[in-house]
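First up is the structure itself, then whatever we jot down about it.
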Amino acid sequence: MFLITDLVGWAPNDQKYELDSRKKISESFAVLFSELAAQNDVKLIRKILSVAVERDDRMKSAGFRYTDGRLLFQIRNHENGWGSYQSNKSTSTHVVVPVFANGRQLGSVEIHFTPLFSDGAVFSNPTYSWLAIASGLCFVLFLALMLRTLRQIDPSSVVPERVNAAFDSLAEGVVILDDNEHVVLANKAFSEIVKRPVESLFGIKLSELGWRPEDDAFGPEYFPWITAFSANVNRVNDRLVLDIQNDTRTMLVNSAPILDGNQIPQGMLLTFDDVTELEHQKLKLQNTVSNLEVSRKEIQRQNKELFYLATRDPLTGSYNRRFFYEQFDVLFSQAQEENKSLCCIMVDIDHFKKVNDNHGHDVGDEVIKMLAQVLESSTREEDVVGRYGGEEFCIVLPGLHIDEAISVAERIRLQIYRESHKVLPNDRRITASLGVATLADGSASQSELNKQADQALYAAKNAGRNQVVRWEKQFNDQPAEETQSENAQTTDRISLTDDPHHQLEVKNLKLQIRQLEKVADSFVEQLQKEKHYDKVTGLPNQSLFYDRVHQAIERSNREDKSAAILVIEFDSLSTNQSFLEKRISDDVFTQISKRLARIFRKTDAITVLNTTINENCTVSRINQNDFGILIADIPDQNKLPRVIDRVFSGFSEPVQVGENKIRLPFRMGISMYPNDASSAEELLSHALIAKSNADNEPNKGAYRFFNVRRGLAINGTETLVKEKIP
161 MFLITDLVGW APNDQKYELD SRKKISESFA VLFSELAAQN DVKLIRKILS VAVERDDRMK
221 SAGFRYTDGR LLFQIRNHEN GWGSYQSNKS TSTHVVVPVF ANGRQLGSVE IHFTPLFSDG
281 AVFSNPTYSW LAIASGLCFV LFLALMLRTL RQIDPSSVVP ERVNAAFDSL AEGVVILDDN
341 EHVVLANKAF SEIVKRPVES LFGIKLSELG WRPEDDAFGP EYFPWITAFS ANVNRVNDRL
401 VLDIQNDTRT MLVNSAPILD GNQIPQGMLL TFDDVTELEH QKLKLQNTVS NLEVSRKEIQ
461 RQNKELFYLA TRDPLTGSYN RRFFYEQFDV LFSQAQEENK SLCCIMVDID HFKKVNDNHG
521 HDVGDEVIKM LAQVLESSTR EEDVVGRYGG EEFCIVLPGL HIDEAISVAE RIRLQIYRES
581 HKVLPNDRRI TASLGVATLA DGSASQSELN KQADQALYAA KNAGRNQVVR WEKQFNDQPA
641 EETQSENAQT TDRISLTDDP HHQLEVKNLK LQIRQLEKVA DSFVEQLQKE KHYDKVTGLP
701 NQSLFYDRVH QAIERSNRED KSAAILVIEF DSLSTNQSFL EKRISDDVFT QISKRLARIF
761 RKTDAITVLN TTINENCTVS RINQNDFGIL IADIPDQNKL PRVIDRVFSG FSEPVQVGEN
821 KIRLPFRMGI SMYPNDASSA EELLSHALIA KSNADNEPNK GAYRFFNVRR GLAINGTETL
881 VKEKIP
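Residue numbers for the sequence shown follow our numbering, beginning at 161 and rising by one.
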């Protein structure tokens, strides 16, 4: 380009212009000085040269020299400046102007000019300066053109087809960036993510595609590949959101720097995993879990409400008779095992039928509710108050001696009298009779203790009512007679004859009525037992088992004790069910139940879980091989390993079935309240989970706690006694 412009004359040439200028000056001086020499006016020649040297910075010195070499005059030390130059030819720095007069050369005017360019100042030459500027500009334009050209080149044209095919076969989006964040290579999966053709991605900045961090705390300009490149580290599972074409996608980004031989990053390898659907499913799952949690809480609330309705008397809110007897039975067994005191009080309102007859049943109901409130306010939390029937109530007082129980009964009697005027019109009052019995008098069962309190109650009635009577042994030697039945006609309405035979008939009739009542109570009790207990094993069914668990949880909350559920699965039951008849399997079940009953306390509860077999079944009940055991009122959880030892010891011997013996290896799961659960359902569920995770080895039993508490082992194995089975 430079040569062409120079040839056509477009390129600037200051040297040529300068030489032409100096030539013209020399020619002008030659003509002028020749005229002045002809006039012999040397002074004027000198003056003109002096003025020219002073005004023209290019002239360093000047002088007039004769042809014989003598210097006529000089300006600015011309002799030294001219030096040894002897030629009559002019140069760019030494100009010789001959002066003629009358056709003869007198001498020469010598002018010493400065050099055209200073030594070493190449770029002071405008030509070279222009050349440098033009070259630099061309280089910049060429570089920009090459960069853009290289950026637009399709890398796939230089990448082997098998490599592109391998990249495109990946389900994740794959991108390779250069050190300026420009896309060098991308696969089809990534182009589908950003919804752009692969060819259009080459050369663009990856951060310009519409990314933003999922977490606003990182800031809007956070891109993990930039951080990974600058820190020369790998990053995994960075979450970015891509907003593109009215669609929002969530990505997991993995970034790895591409290093050269000096371990310096030269680019980035990125993978993009679209987890949008997974996030949607996760959100749905979270919503489902939240809804299930709401449903679970609602079910728990309804279960509590149902439990309350099933165990409470609807009129008074006290325990109903069925649940009261269950509580009574637990407290009685506990008192027997721990050798503690236990008292029972029977309460009955005097002449209650007169209240109904004179004031109506509404007032009678208010009297019964008043009585229940007095009983609840006069007893402790650990005491149990239940409505026995009609206007009769029963109270169980654990831990109290007979004198203390009598004091409680007296306090109740007085409080009933004081509070009764609030529910009766005209400031009327009612009284109550109370009978007290204690376990210390030798009651063999809960029903016997209840009977003794009932006998003491009727003794109070016979003694004139409105008093407290303690049970005594002589009450067993005479029939318990009611002086006046609350459901019979009052004496002021019936006039009984004084005939001794008639009185004897009445007495015999009363005895028959009492016997019939006992038979009816026994029949009802038997029906209840058949309803709630298994016919073969005698174990409570699962519904009654749940009730016992609820009771144990309530007592644990009141008395700061613990409870536990053990779920035991006997593997050999399911193994041998194919060849055992129903009679034999029932026998095995009965033997297992008896062993469990010997291992655990009377206050504990044992049941067969999920028992659905009836009398007409054709499949052996031995399919049900899970036993649930409730251990209630545990004062110290550290004693639980002793119970586990008893279980292993109790099933170390095989079960005898006819002429055969069946070993009973088992798995056992244990869940504690309140450590592992907050409800009976959770307690049983967690025990089942622990049981399913327990290891099981041949001829061994294994157990697992649902959780580790107070140093108890989370898993354990005990070897059973090895006996050769014939």
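Ideal Cβ positions, reconstructed from N, Cα and C, are used throughout, including at glycine.
Of all the options L266, E270, Q234, which has the alpha carbon lying nearest to the alpha carbon of T251?
-> Taking the sequence shown and counting its residues from 1, the one referred to as residue 251 is at position 91. Residue nearest to T251 within the set L266, E270, Q234 is E270 (criterion: CA-CA distance).
Between which two residues does the alpha helix (DSSP H) harbouring D434 extend?
-> Against the sequence shown, residue 434 aligns to sequence position 274. Premise fails: D434 lies in the beta strand (DSSP E), 425 to 434, not in any alpha helix (DSSP H).
Considering only residues of the same chain and omitting the five flanking positions on each side of A346, which have a CB-CB separation below 6 Å?
-> The residue you call residue 346 lines up with position 186 of the sequence shown. Once the five neighbours on either side are set aside, the close Cβ partners of A346 are V335, V358, L361.
List the endpoints of the continuous beta strand (DSSP E) containing V807.
-> As a working mapping, residue 807 is identified with position 647 in the sequence shown. First-last for V807: 800 to 810, but that is the alpha helix (DSSP H), not the beta strand (DSSP E).
Relative to the alpha-carbon of Q816, which residue among L301, F484, Q751 has its alpha-carbon at the smallest distance?
-> Counting from 1 along the sequence shown, the entry for residue 816 is found at position 656. Comparing Cα positions, the closest option is Q751.
From what residue to what residue does the alpha helix (DSSP H) around Y485 run?
-> Taking the first residue of the sequence shown as 1, we reach residue 485 at position 325. From DSSP, the alpha helix (DSSP H) with Y485 extends over 481 to 498.
Member of G267, A600, H519 whose CA lies at the smallest distance from the CA of L584 = The residue given as residue 584 occupies position 424 in the sequence shown. It is H519 whose Cα lies nearest to the Cα of L584.
Below 9 Å between beta carbons: does that hold for N397 and A388?
-> One-based indexing of the sequence shown puts residue 397 at position 237. One-based indexing of the sequence shown puts residue 388 at position 228. The answer is no: Cβ separation not under 9 Å.
Does DSSP put N414 in a helix, a strand or coil?
-> For the purposes of this step, residue 414 is taken as residue 254 along the sequence shown, with counting starting at 1. Here N414 sits in strand by DSSP.
May I ask you to list the residues that DSSP assigns as paired with N820?
-> As a position in the sequence shown, residue 820 is number 660, starting the count at 1. In the DSSP output, where bridge partners are listed per residue, N820 has V817.
Rounded to whole angstroms, what's the CA-CA distance from N449 to H440? Just pull it up for me.
-> The residue labelled residue 449 in the question sits at position 289 within the sequence shown. The residue labelled residue 440 in the question sits at position 280 within the sequence shown. According to the sequence as given, residue 449 is Val; it is not Asn. V449 and H440: Cα-Cα distance of roughly 14 Å.
Using beta-carbon positions only, say whether F432 and V413 come within less than 9 Å of one another.
-> Taking the sequence shown and counting its residues from 1, the one referred to as residue 432 is at position 272. Taking the sequence shown and counting its residues from 1, the one referred to as residue 413 is at position 253. In this structure, V413 lies closer than 9 Å to F432 by Cβ.
Would you report the Cα separation of E729 and N516, rounded to the nearest angstrom?
-> Indexing the sequence shown from 1 puts residue 729 at position 569. Indexing the sequence shown from 1 puts residue 516 at position 356. Taking the straight line joining both Cα atoms gives about 57 Å.
For F787, three-class secondary structure by DSSP | For the purposes of this step, residue 787 is taken as the residue at position 627 of the sequence shown. The three-state secondary structure of F787, taken from DSSP, is strand.
Hey, quick one: how far does the beta strand (DSSP E) through I555 stretch, first residue to last?
-> The count along the sequence shown starts at 1 and reaches residue 555 at position 395. Here the beta strand (DSSP E) through I555 covers 552 to 558.
Buried or exposed: S725, going by 16 or more other Cβ atoms within 10 Å of its Cβ?
-> As a first step, residue 725 is located in the sequence shown; it is residue number 565 there, counting from the start. Checking the sequence, you will find Ile at residue 725 rather than Ser. By the 10 Å Cβ count, I725 comes out buried.
Does DSSP put Q199 in a helix, a strand or coil?
-> Here the question's residue 199 lines up with position 39 in the sequence shown. Reduced to three states, the DSSP call for Q199 is coil.
Could you tell me whether the Cβ atoms of A620 and S603 are closer together than 9 Å?
-> As a position in the sequence shown, residue 620 is number 460, starting the count at 1. As a position in the sequence shown, residue 603 is number 443, starting the count at 1. Going by C-beta atoms, A620 is not nearer than 9 Å to S603.
Determine the extent of the alpha helix (DSSP H) in which I713 is found, giving its start and end residues.
-> Position 553 of the sequence shown, counted from the start, is the residue given in the question as residue 713. From DSSP, the alpha helix (DSSP H) with I713 extends over 702 to 719.
Buried versus exposed call for H521 [16 or more other C-beta atoms within 10 Å across all chains shown] | Residue numbering aside, residue 521 sits at position 361 when the sequence shown is read from its first letter. With fewer than 16 Cβ atoms within 10 Å of its Cβ, H521 is classed as exposed.
Looking at the structure shown, is K762 part of a helix, part of a strand, or coil, going by DSSP?
-> As a first step, residue 762 is located in the sequence shown; it is residue number 602 there, counting from the start. Coil, per DSSP.
Stretch-stretch touch, CB-based, cutoff 8 Å, three pairs: the segment 835 to 847 with the segment 804 to 813 | Short answer: they don't touch.
Same chain, Cβ closer than 8 Å to I235, five either side skipped, listed in chain order = As a position in the sequence shown, residue 235 is number 75, starting the count at 1. Answer for I235: R206, L209, S210, V213, S221, A222, G223, listed in chain order.
Unbroken stretches of the alpha helix (DSSP H), 4 residues or longer, contained in the segment 595 to 645 | 606 to 622
Distance, G818 Cα to I830 Cα = Translated into positions along the sequence shown, residue 830 becomes position 670. Translated into positions along the sequence shown, residue 818 becomes position 658. Cα to Cα, I830 sits roughly 33 Å from G818.
Mind checking D180: buried by the 16 CB within 10 Å criterion, or exposed?
-> Here residue 180 refers to the residue found at position 20 when the sequence shown is read from its first residue. D180 is exposed by the Cβ-count criterion.
Determine the direct distance from the alpha carbon of A600 to that of Q615, and round the result to whole angstroms.
-> As a working note, residue 615 is residue 455 in the sequence shown. As a working note, residue 600 is residue 440 in the sequence shown. Looking at the two C-alpha atoms, the distance is approximately 16 Å.
Would you mind stating whether A623 and A712 have Cβ atoms separated by less than 9 Å?
-> Within the sequence shown, residue 623 is the residue found at index 463, counting from 1. Within the sequence shown, residue 712 is the residue found at index 552, counting from 1. With contacts defined by Cβ atoms closer than 9 Å, A623 and A712 do not form a contacting pair.
Can you tell me the Cα-Cα spacing of F299 and Y177, whole angstroms?
-> As a working note, residue 299 is residue 139 in the sequence shown. As a working note, residue 177 is residue 17 in the sequence shown. Straight-line Cα distance between these residues: approximately 30 Å.
Option in P384, R578, Y618, D338 with minimal Cα separation from A597 | Working through the sequence shown from its first residue, we reach residue 597 at position 437. Distances from the alpha-carbon of A597 to those of P384, R578, Y618, D338 put Y618 closest.
I think V748 touches I794, with their Cβ atoms under 8 Å apart; what is that distance to the nearest whole Å?
-> In the sequence shown, the residue the question calls residue 748 occupies position 588. In the sequence shown, the residue the question calls residue 794 occupies position 634. That belief does not hold up - the Cβ atoms of V748 and I794 are roughly 30 Å apart, past 8 Å.
Work out the CA separation of T410 and L445 for me, nearest whole Å.
-> Start at 1 with the first residue of the sequence shown, and residue 445 comes out as number 285. Start at 1 with the first residue of the sequence shown, and residue 410 comes out as number 250. Cα to Cα, the separation comes out at about 17 Å.
Residues near F866 in its chain [Cβ-Cβ closer than 6 Å; skip 5 each side] | Position 706 of the sequence shown, counted from the first residue, corresponds to residue 866. Here the set comprises S831, D836, H846, A850.
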